[in-house]
Ligand SMILES: [Zn+2]
Ligand SMILES: [Zn+2]
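In the working numbering, the protein residues as written are 3 to 242.
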């Protein structure tokens with residue numbers, strides 16, 4: 003593992019745990035800030051998916067790239083909403099069964115594994131792209147940890163198990179970073195898989211959380227997320 007891979011992996015897993023801690027310690031600010039946080043993350047993630055990962059995947063795989071992207075998109079849907087019986091980003095506010103919480107965790111592991119694959123595959127392209135994709139991952143790790151922990155709490159689990167669930171997501175991301183250079187399928191198609199999964203996380207996990215909300219705060223946060231992407235891109239390009 004390179005130094006950047008270790009740093010990004012630990013930071014991403016740490017943000018999963020922070021999100022879990024926010025909900026297990028009932029930090030009210032975190033829930034109030036959550037909607038805006040989800041919207042900023044969605045803007046950033048969609049920008050990275052469409053402006054970086056898509057073109058890079060097509061450059062790497064040609065016409066096969068989009069086919070892999072579609073397959074990856076469908077696979078996240080299958081793992082999160084077929085194996086997983088109930089999952090949404092954001093705090094769980096109603097009671098759920100244990101089967102629901104465990105199946106959601108199993109379903110989420112595929113996406114969080116690919117969070118790691120995305121970071122490692124883009125680091126192989128350039129350190130600038132690696133930094134951008136890492137930021138896209140980092141921005142949704144806090145809500146991701148918060149969501150799984152609150153789901154576990156809603157299913158009646160104690161705080162320790164709720165934290166462990168978020169830790170499992172972080173571990174899956176680190177595993178994704180570690181194995182990307184070892185597995186031929188990830189070495190060849192890692193960018194295309196990441197593009198499809200990242201599109202799903204942005205457009206199909208995050209956007210539905212806030213699209214019904216009224217007012218200007220949320221759409222503004224969404225656009226700020228896109229603006230942050232362009233700011234980060236010019237900074238990483240300048241550093242390179
Ligand atoms: Zn729910
Ligand atoms: Zn994720």
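Just so you know, even glycine gets a beta-carbon here, dropped at the ideal spot from N, CA and C.
Asked, Found
"Count the other C-beta atoms from every protein chain shown that fall within 10 angstroms of the C-beta of residue 135, then say buried if there are 16 or more, exposed otherwise.", "buried"
"Ligand 2 heavy atoms versus the CB of residue 78: any closer than 7 Å?", "no"
"What residue does the alpha helix (DSSP H) around residue 135 start on, and which one ends it?", "129-156"
"Please state whether DSSP places residue 183 in a helix, a strand or coil.", "coil"
"Where does residue 212 land, buried or exposed, given buried means 16+ other C-beta within 10 angstroms?", "buried"
"Out of 156, 194, 122 and 214, state which residue places its alpha-carbon closest to the alpha-carbon of residue 28.", "156"
"If we call anything under 8 Å between Cβ atoms a contact, is residue 111 one with residue 174?", "yes"
"Buried or exposed: where does residue 8 fall if 16 or more other Cβ atoms within 10 Å of its Cβ makes it buried?", "exposed"
"Tell me whether the beta-carbon of residue 50 lies closer than 8 Å to the beta-carbon of residue 202.", "no"
"Reducing DSSP to helix, strand and coil, say where residue 65 ends up.", "coil"
"Report yes or no: do the region 172-188 and the region 83-93 share at least 3 C-beta pairs separated by less than 8 Å?", "no"
"Enumerate in chain order the residues of its own chain whose CB-to-CB distance from residue 181 is below 7 Å, with the five nearest sequence positions on each side excluded.", "188"
"Taking C-beta to C-beta, are residue 123 and residue 192 nearer than 8 Å?", "yes"
"Name all residues in chain order for which at least one heavy atom of ligand 2 lies closer than 6 Å to the residue's CB.", "113, 114, 117, 142, 146 and 203"
"Could you give the uninterrupted runs of the beta strand (DSSP E) lying entirely in the region 64-117, keeping only those of 3 residues or more?", "none"
"Taking the alpha-carbon of residue 118 as reference, which of 104, 133, 150 and 106 has the nearest alpha-carbon?", "133"
"Starting from residue 18, follow the alpha helix (DSSP H) in both directions and report where the run begins and ends.", "5-26"
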